[in-house]
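Residues 81 to 147 (the numbering used here) make up the sequence shown, in order.
Note that beta-carbon positions come from the ideal geometry of N, C-alpha and C, so glycine has one too.
Everything below concerns the one structure shown next.
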Amino acid sequence: MKKIHFDNMNIWIWIAIPILSVVLILIGSFELIDFDNPKIIRRIGAVGFGLYGVHSSKLFWYKNFVQ
81 MKKIHFDNMN
91 IWIWIAIPIL
101 SVVLILIGSF
111 ELIDFDNPKI
121 IRRIGAVGFG
131 LYGVHSSKLF
141 WYKNFVQ
C-alpha cells in the first residue's frame, strides 16, 4: 500500500499564523500594551481570533490536495 502525501501542509506560514494569533489574543485579552483608544485593543483581539479561524479552516481548503 502506498503512503499518502498531503500537499501544502508543511509551509512555514501555517506555523506562524497560530503563534501570531495567540499573541494577538493575549494582547487583546489582558491589555499587555496600553493604548489610548480601547477600540484598538478589541480589534487586536478580533484579528487574533480571525487568524485562528483561518488556520482552523485550512482542513477544508486542503481536503482534496492528496497525491
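Item: Quick one: using the 10 Å Cβ neighbour count with 16 as the cut-off for buried, is G124 buried or exposed?; Value: In the sequence as displayed, the identity of residue 124 is Ile instead of Gly. By the neighbour-count rule (16 or more Cβ atoms within 10 Å), I124 is buried.
Item: Just to confirm, is the Cβ distance from W94 to K138 under 9 Å?; Value: yes
Item: Which one of I120, D116 and G128 has the shortest CA to CA distance from V102?; Value: G128
Item: Near E111, which residues of its chain fall below 8 Å by C-beta distance, leaving aside the five closest residues on each side in sequence?; Value: I121
Item: Can you tell me whether G130 is buried or exposed? The criterion is at least 16 other CB atoms within 10 Å of its CB, across all chains shown.; Value: exposed
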